[in-house]
Amino acid sequence: MARTTALDEAYAHCQRVTKTEAKNFYYAFVTLPKARRMAIFAVYAFCRLCDDIADEPLPVEEKRAKLREVDAALERARDGNPDGPVYSALAHAVAEYDIQWEDLSEIARGVEMDLTLNRYETFDDLATYCYRVASVVGIVCIHIFGFSDPAAREYAIDLGLGMQLTNILRDIKEDAEMGRVYLPQEELRRFEYPEEALMAGETNDEFVRLMRFQVARAHGYFDSGKRLLPLLPVRSRACPAVLGGLYSRVLDRIEERGYDVFERRISLPTREKLTLAVRIWLQSYLPLKGAAAAW
C-alpha cells in the first residue's frame, strides 16, 4: 500500500476544495491526466482562497491587508516555506510546470480591483479586470496543459475574456443588487440604456440591443479561444474545450431567453453539463476540429 505523503495530502485538500466549489470547472478538470489535474486543483484552490477574501464581510482595508498577506505567502512558497496545503501544492505545481509566480500575484490584483471598483468607463478598462481575474488563470493553465507555440498565450487570454464576459452577462442582476455594474458606462450611453433601467431590471428594446452586442463580442472571444486547442497535447485539449463549450452554451441560453437575465439566473442543468462535457471529451480525441466543433 502506497504511503501518503504531506504533498499528497496537500493536493487532496485542493481536490476537495475544487470538487465542492468549482461547479462548471470540475467537469472540465477531470478530463486531464492525473498529474496535470492535481496541479489544476491547486491553482483553483488558490483562486478560491483569493475570491473568499473578497467575499468576506470585512472592511475594505482588512480585505486589502489579507490580499497583501497572499502576496507574502506566495513569496514564502517561492522561497520553499509554503503556508499550509494550498501553497504547498501550488509550489509543487509551479516547479513542475514552469508557472510564473508573477501571474499568480496578478490574480490577487484582479480580486483586489473588486474591492474598490464597481464601475468601468470603457471596455478597455473592463478588459484589464477580466485579464487579471480570468485570462491570467488561462495563462497559468496552459503551462499545466503543455504548449510550445507562443500563440497559445494569446488564445488563452481570449478564452478567459470570453468566459469572464459570460459571467458578467449572466450575473447582471446579482451584481446590480450588490451595487456593481460591469457593463461599460460608455456602452450603456451608446445604446441609450441608462444605469437606472439596469438597476430596475428593465428588458426594453435598448437593453436587447445592448445585450446582443455584448453576447456577440463574447462569442468572438470564444471563436479566437478555439484556436488554442490545436496547440495543446491531445490529452489536454478536452479541458479548455469543455470550459469553452459550457460557457458558450450559457451564452446561447441567454440568447434563447431573449437576453432576459433578470427574471431568473441562467444556468445549465447538471445533466446537460455532464452530457456536453462527455461529448466534447470524446470528440477531443478525434482530428483537431472535433472538440472545437462540439463547442
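Numbered as in the numbering used here, the sequence shown ends at 681 without a single skipped number.
Beta carbons: idealized from backbone N, C-alpha and C, even for Gly.
*For Ala-459, collect the residues of the same chain with a Cβ closer than 7 angstroms to its Cβ; drop the 5 residues on either side in sequence, then sort them by chain order.*
Asp-469, Tyr-473
*Three-state class that DSSP yields for Val-429 in the structure shown*: helix
*Can you name the residues that DSSP bridges to Val-567?*
Arg-505
_I'd like to check one pair, Arg-613 with Ala-537: are the Cβ atoms closer than 9 angstroms?_
yes
*Ala-583 beta carbon less than 9 angstroms from that of Glu-573*: no
*Would DSSP call Thr-552 helix, strand or coil?*
helix
*asked:* At a threshold of 8 angstroms, does Val-523 count as lining the ligand ATP (C-beta to nearest heavy atom)?
replied: This structure simply doesn't include the ligand ATP, nor any ligand for that matter.
*Report the option in Thr-390, Leu-555, Arg-423, Asp-394 whose CA atom is closest to the CA atom of Lys-405.*
Arg-423
*asked:* To the nearest angstrom, how far is the alpha carbon of His-605 from that of Ser-670?
replied: 20 angstroms
*For Ala-481, which option in Asp-511, Leu-662, Ile-530, Met-597 has the closest C-alpha, if you only look at C-alpha atoms?*
Ile-530
*Can at least three beta-carbon pairs, one atom from the stretch 540-547 and one from the stretch 511-530, be found at a separation below 8 angstroms?*
yes
*Could you have a look at Gly-470 and say whether DSSP puts it in helix, strand or coil?*
helix
_Span of the alpha helix (DSSP H) around Thr-661_ = 656-669
*Of the choices Pro-616, Ser-634, Ile-485, whose alpha-carbon is the least far from that of Arg-464?*
Ile-485
_So for Pro-580, helix, strand or coil by DSSP?_
coil
_In the DSSP assignment, the alpha helix (DSSP H) including Ala-408 goes from what residue to what residue?_
Looking at the DSSP string, Ala-408 is not in any alpha helix (DSSP H), and its letter there is neither H nor E.
*asked:* Quick check: what's the CA-CA separation for Arg-575 versus Glu-492?
replied: 31 angstroms
*Straight-line gap, Asp-535 to Tyr-541 (C-alpha atoms, nearest Å)*: 11 angstroms
_Please classify Thr-417 as buried or exposed, where buried requires at least 16 neighbouring CB atoms within 10 angstroms._
buried
*asked:* Between which residues of its own chain and Arg-566 is the CB-CB distance below 7 angstroms, once the five residues before and five after are set aside?
replied: Asn-504
*Check whether the Cβ atoms of Val-456 and Tyr-430 sit closer than 9 angstroms, and answer yes or no.*
no
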